[in-house]
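**Q**
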Amino acid sequence: MDLVLCHTTADFDALGAAVGLCVLRPGSRIVLTGGCHPTVRDFLALHRDEYPLIERRSVNPQQIRSISIVDASGRDRLGKAAEWLDLPQVSEIAVFDHHKEAHSDIPATVTQIEAVGASTTLIVEKLREKLKNQPENSDTPSRLLPSEATVMALGIHVDTGSLTFEGATARDATALAWLMEQGASLRVIAEYVEPGLSPQLQDLLREALNNLRSEILHGYSVAWVLLSTEAYVPGLSSLASRLLDLTETDALLLGNVYKFGEKDNNPNIEPESPVSNRLTIIGRSRIEGTNLSELFKPFGGGGHARAASLATRDVDPLLTLNQLADELKAQIPHPPTARELMSSPVRSIRPETSVGEAHRILLRYGHSGLSVMDAGDRLVGIISRRDIDIALHHGFSHAPVKGYMTPQLKTIAPDTLLPEIESLMVMYDIGRLPVLENGQLVGIVTRTDVLRELHQQKARDRGSNAEFSYCPVPESVEQLLRSRISSELWQLLSIAANIAAERGWQLYIVGGAVRDLLLTTDYTLALTDIDLVVDGKCGSDDSGAGVELALSLQKLYPDSRLDVHGQFQTAALLWHKDSAFGSLWVDIATARTEFYPYPAANPEVEASSIRQDLYRRDFTINALAVRLGVPRSGALLDFFGGLLDLQARQIRVLHANSFIEDPTRIYRAVRFAVRLGFEIEPQTEGYIRHALASGIYYRIQGENGRAPALETRLKSELKYILQAPYWKVALQMLGDLQALRCIHPTLELDRELWRQLRLLDRCLNGIPRKKEEGRRKKEEGRRKKEEGRDNSQFPIPNSPFPIINIPDWQMRLEVLIAYLAPEYRGKVAANLQLPADSIKRLEVLEAGKNQLAEGLPKCELPSQLVLLLRNYELPVLIAIALQSPLRARRQIWEYLTRWANVEPPLNGNDLKALGYKPGPGFKRMLDDLLAATLDGDLGDRAAAISFLAQRYPQA
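Listed below in structure tokens is the structure:
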């Protein structure tokens with residue numbers, strides 16, 4: 003275990019430096035050795051889960067390998083954690099600090115103490131250098147996460163007084179600028195940085211606190227105050243910001259009225275000149291949807307939506323301020339409720355469940371906590387991952403969770419507003435709030451849900467700013483969808499949304515349809531396959547909400563065909579050549595989560611929430627959803643950065659183990675990348691290469707006897723790729739990734755295999771398809787009828803190519819499998835569940851290849867060639883030709899293109915007409931006729947009849 007220690011009462015500089023070190027040294031964990039500053043505590047109440055923090059009591063000292071100390075160089079600042087410095091197995095102790103005057107008594111192996119404004123600056127410089135010099139194909143992310151950049155920027159801001167303290171240096175400014183480039187959130191920084199106030203402003207602050215008026219509206223606090231001074235006071239904006247923070251107000255109007263005369267600006271004016279009142283108002287708001295700039299515009303003011311000011315005179319100050327306060331309150335939108343934010347259904351356990359079993363459930367479903375319900379399904383507690391980790395650390399895996407859960411719960415109702423939810427989480431340091439309706443647990447709101455909503459509000463507030471254009475407002479997405487699809491399809495989606503809303507469900511359009519909607523530049527989007535997901539509980543039976551919705555829709559659209567898969571809680575409505583919908587497939591599923599019991603297995607599926615449903619998908623660009631129906635119709639759900647990846651035109655996987663769980667995702671990654679013209683994101687490519695190099699798939703097949711993902715599902719992905727017009731590019735990319743090892747560990751796309759595939763392509767381009775051959779034969783029959791059989795010349799050269807009824811993709815797949823050693827071919831084909839005739843061909847291929855290698859050199863006449871090769875199926879001949887030397891390949895090609903379809907001038911009916919009696923001799927006679935024809939000894943019917951008379955005279 004690698005630890006990063008912050009000093010007791012950690013400040014933002016210590017936390018920021020610690021987070022940066024964890025980026026430099028992946029896998030490290032941060033320990034707050036003895037509490038933290040109040041503002042840091044408030045910050046972590048919302049953002050704790052974004053950083054690798056671990057409780058001091060959860061650390062097993064015997065597992066510590068290295069220790070890094072930030073923003074401190076003395077043992078006395080580390081509390082009880084200082085004892086770890088003396089552990090014999092600790093191989094490295096590093097100290098990073100900016101207090102040069104401090105005495106260090108730590109036995110450090112690495113020390114960096116330099117005179118900069120913040121310790122975080124030292125770490126940022128190392129990070130910047132590392133990211134700058136890392137190779138392009140590195141698995142390491144090429145930039146920081148916004149949460150990482152933000153906390154590091156906070157560290158520099160706070161310890162340098164936003165670069166105003168005496169100890170601030172140019173290095174701090176450079177580091178801060180780079181963090182802003184990396185995506186540090188100015189809003190969060192502004193929320194937690196505390197600038198100082200002058201003595202005059204401090205006096206006004208006390209006055210403002212005593213006279214402040216406030217009101218709660220829609221869960222938001224709005225305050226206003228009017229201050230009177232003798233003259234203009236500079237720095238009122240700092241006063242407004244401090245007042246906003248101290249009162250935890252969401253919106254504030256700070257007014258200042260003072261006397262102003264012409265003589266103030268011009269000393270030549272007489273003292274008797276008139277004096278007027280001047281009113282200055284500073285506005286600050288944290289509420290989505292409010293616009294102070296527009297509010298102040300009638301008075302000549304302006305600024306930004308969240309921060310603006312005005313200066314006017316000759317007005318009633320109190321009346322004006324009250325009027326603006328009323329107008330500001332009118333701007334406040336109704337915030338989201340818990341019902342709109344919550345995840346449902348909630349994973350729960352009984353109080354008697356063991357800690358070990360609870361840990362297994364958390365691991366299986368990726369949750370950070372579980373609700374505990376009694377036998378009457380009443381909520382009695384919550385147990386977090388932290389609680390379980392501590393219990394496991396002390397060896398209590400067998401103990402029931404009731405001894406470790408939190409029983410005194412804060413709960414909310416479905417109509418609880420977002421500001422109140424946020425306030426509860428910060429006040430009580432709660433990471434999740436159960437949602438109760440009539441005493442029943444109906445959902446849960448987590449820190450992640452709140453942070454995501456706040457982030458999206460910020461993005462929407464920025465409007466057209468290109469930096470945040472990836473977060474479109476619901477109205478724009480709904481309008482985009484409505485304008486791109488047919489009116490009939492929009493009506494179908496609207497009806498489905500209304501049915502879902504009547505039952506208390508939420509309906510989403512998900513996956514490829516959303517991706518293509520956001521990618522396409524065409525006005526009309528031709529959708530033939532739509533995926534809908536229903537988030538809600540079905541009370542009637544176990545078939546799921548998705549099936550119930552499909553049944554209701556089928557009654558309204560009786561021309562559709564309904565397919566139900568109750569086991570997976572899905573159903574599909576299908577239209578074929580319908581006048582309104584054309585050929586359309588609408589898949590309707592209940593929101594589900596899935597778990598893979600072992601790598602490459604079929605997943606086990608259970609009902610869950612829309613978030614979990616999207617998390618189970620393959621790539622971020624396919625994990626997008628658009629909400630259908632009120633409220634917030636058109637809201638775009640993007641939990642994993644799919645919109646950013648669409649803009650960057652890259653394929654990114656959702657989690658590191660995705661390819662371990664399902665290797666077919668490797669093939670889908672390549673297919674989407676080539677089809678859409680995207681790149682596979684470097685870290686995702688690294689995950690692919692790691693999964694393939696691990697040998698896990700082959701090992702699982704040996705342990706379990708089979709790996710379902712490498713059977714029919716892999717064949718389906720191979721079919722999609724090999725039948726596509728871009729199959730060559732895709733196959734080369736799979737070869738570069740060495741992904742053909744999913745078919746067999748020894749299969750690689752080397753130069754010889756690529757040559758065979760190109761030869762096959764040339765061959766297939768010369769083979770007529772079944773429909774084309776039917777038209778050719780029909781035309782040939784018509785021509786023969788018109789010209790008469792007797793007058794036709796038998797065309798020996800340029801005979802039509804034989805017909806092949808195997809799809810091109812299957813021929814390409816058989817060539818790939820045929821490149822394996824003979825003993826593997828049949829087994830691999832059977833594993834992919836290819837047709838029986840395909841498996842048989844691959845099993846006999848080697849024997850046929852050896853027979854022809856011996857027989858072809860002996861063929862000197864066309865008849866000998868035909869009599870040898872006509873016993874082999876066309877696909878077998880092609881496969882043998884691809885693996886044969888040039889001379890043999892030319893012989894087979896000559897047979898296929900010139901001799902295979904040659905027929906003798908006479909057939910069995912002609913022999914009977916000539917008086918020969920049917921029997922075994924007919925075959926010998928026809929073979930002799932064919933051989934003579936092929937060798938050029940016969941040219942027409944007359945010659946054929948004469949030939950028979952000589953060879954087979956009749957009595």
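Positions in the sequence shown are counted from 1; adding 2 to them yields the numbering used here. Glycine included, each C-beta is placed from N, C-alpha and C at the ideal position.
#1: For Asn-258, does the three-state DSSP call read helix, strand or coil?
#2: With distances taken Cα to Cα, identify the nearest neighbour of Ala-855 among Gly-37, Arg-889, His-9.
#3: State whether the segment 336 to 347 contacts the segment 381 to 398, with contact taken as three or more CB pairs (one from each stretch) at a distance under 8 Å.
#4: Jot down the residue ranges of each uninterrupted beta strand (DSSP E) in the segment 532 to 620, minimum 3 residues, whole runs only, in chain order.
#5: Going straight from the alpha carbon of Ala-175 to that of His-159, what length do you get?
#6: Hey, Ile-115 and Lys-128 are a contact pair by Cβ (cut 8 Å); roughly how many whole angstroms apart?
#7: For Pro-436, which beta-bridge partners are listed by DSSP?
#8: Give a yes or no on whether the C-beta atoms belonging to Ile-392 and Ser-30 are separated by under 8 Å.
#9: Out of Arg-701, Gln-758, Arg-757, Leu-766, state which residue places its alpha-carbon closest to the alpha-carbon of Arg-966.
#10: Please check the pair Leu-238 and Glu-209, which I expect to be a contact at CB under 8 Å, by giving their CB distance rounded to whole angstroms.
#11: How is the alpha helix (DSSP H) around Phe-924 delimited, first residue to last?
#12: Determine the burial state of Asp-565: buried for a count of at least 16 other Cβ atoms within 10 Å of its Cβ, exposed for fewer.
#13: If you draw a straight line from the C-alpha of Leu-23 to the C-alpha of Ala-186, how long is it?
#14: Considering only residues of the segment 685 to 757, which uninterrupted alpha helix (DSSP H) runs meet the minimum length of 4 residues and lie entirely inside it, listed in chain order?
#15: Below 8 Å on the Cβ atoms is my guess for Val-235 versus Asn-213; work out the distance and round it to an integer in Å.
#16: Where does Lys-772 land, buried or exposed, given buried means 16+ other C-beta within 10 angstroms?
#17: Can you tell me whether Thr-111 is buried or exposed? The criterion is at least 16 other CB atoms within 10 Å of its CB, across all chains shown.
#18: Work out the CA separation of Arg-900 and Arg-791 for me, nearest whole Å.
#19: Between the Cα of Leu-326 and those of Arg-517, Arg-286, Gly-368, spot the shortest distance and give me the residue it belongs to.
#20: What does the Cβ neighbour count give for Leu-365, buried or exposed, with the cut at 16 atoms within 10 Å?
#21: When DSSP labels each residue in this structure, what does Arg-280 get in the three-state scheme?
#22: Give a yes or no on whether the C-beta atoms belonging to Tyr-367 and Thr-572 are separated by under 8 Å.
#23: Nearest by alpha-carbon distance to Asn-324: which of Gly-383, Val-382, Val-224 is it?
#24: Count the other CB atoms within 10 Å of the CB of Asn-833; is the residue buried (16 or more) or exposed (fewer)?
#25: Taking the CB atoms as reference points, tell me whether Thr-714 and Gln-812 lie closer together than 8 Å.
#26: Between which residues of its own chain and Leu-716 is the CB-CB distance below 8 Å, once the five residues before and five after are set aside?
#27: Are the segment 371 to 385 and the segment 574 to 589 in contact at 8 Å, needing three or more beta carbon pairs?
#28: Tell me the rounded alpha-carbon separation between Gly-433 and Gly-445.
#29: Looking only at C-alpha atoms, which of Ser-611, Val-403, Leu-411, Arg-454 sits nearest to Pro-338?
#30: With respect to the beta strand (DSSP E) encompassing Gln-410, which residues constitute its N-terminal and C-terminal limits?
#31: Could you compute how far the alpha carbon of Glu-250 sits from the alpha carbon of Arg-288?
#32: Using only the heavy atoms of the ligand SAM, determine whether one of them is closer than 7 Å to the beta carbon of Gly-546.
#33: State buried or exposed for Ala-395, treating a residue as buried only when at least 16 other CB atoms are found within 10 Å of its CB.
#34: Counting only runs that start and end within the segment 119 to 194, where is the alpha helix (DSSP H) found for 4 or more residues in a row?
#35: Below 8 Å on the Cβ atoms is my guess for Gln-184 versus Leu-124; work out the distance and round it to an integer in Å.
#36: Can you check which of these residues, Ala-603, Tyr-598, Thr-592, Tyr-617, is closest to Ala-609 by C-alpha distance?
**A** According to the structure data:
#1: strand
#2: Arg-889
#3: no
#4: 563 to 567, 572 to 580, 584 to 592, 594 to 597, 606 to 609
#5: 9 Å
#6: At roughly 14 Å, the Cβ-Cβ gap does not stay under 8 Å, so Ile-115 and Lys-128 are not in contact.
#7: Ile-446
#8: no
#9: Look at the range of the chain in this structure, 3 to 957, and you will see that residue 966 is not part of it.
#10: 13 Å between Cβ atoms; not a contact.
#11: 923 to 936
#12: exposed
#13: 17 Å
#14: 698 to 706, 714 to 724, 729 to 738
#15: 16 Å between Cβ atoms; not a contact.
#16: With a pLDDT of 47 at Lys-772, under the threshold of 50, the modelled position of this residue cannot be trusted; read the value that follows with caution. Exposed, by the Cβ-count rule.
#17: exposed
#18: Low local confidence applies: a pLDDT of 36 at Arg-791 is under 50, so the model's placement there is unreliable, with the coordinate-based value given in what follows. Roughly 22 Å between the two C-alpha positions.
#19: Arg-286
#20: exposed
#21: strand
#22: no
#23: Val-224
#24: buried
#25: no
#26: Pro-665, Thr-666, Tyr-669, Cys-744, Ile-745, Leu-834
#27: no
#28: 14 Å
#29: Arg-454
#30: Element bounds for Gln-410: n/a, residue is neither H nor E.
#31: 10 Å
#32: Ligands in the displayed structure: none, and consequently the ligand SAM is not present.
#33: Before going further, note that residue 395 is His rather than Ala in the sequence given. So His-395 ends up on the exposed side.
#34: 121 to 135, 148 to 162, 172 to 183, 188 to 194
#35: The pair is not a contact, with the Cβ atoms about 17 Å apart (cut-off 8 Å).
#36: Thr-592
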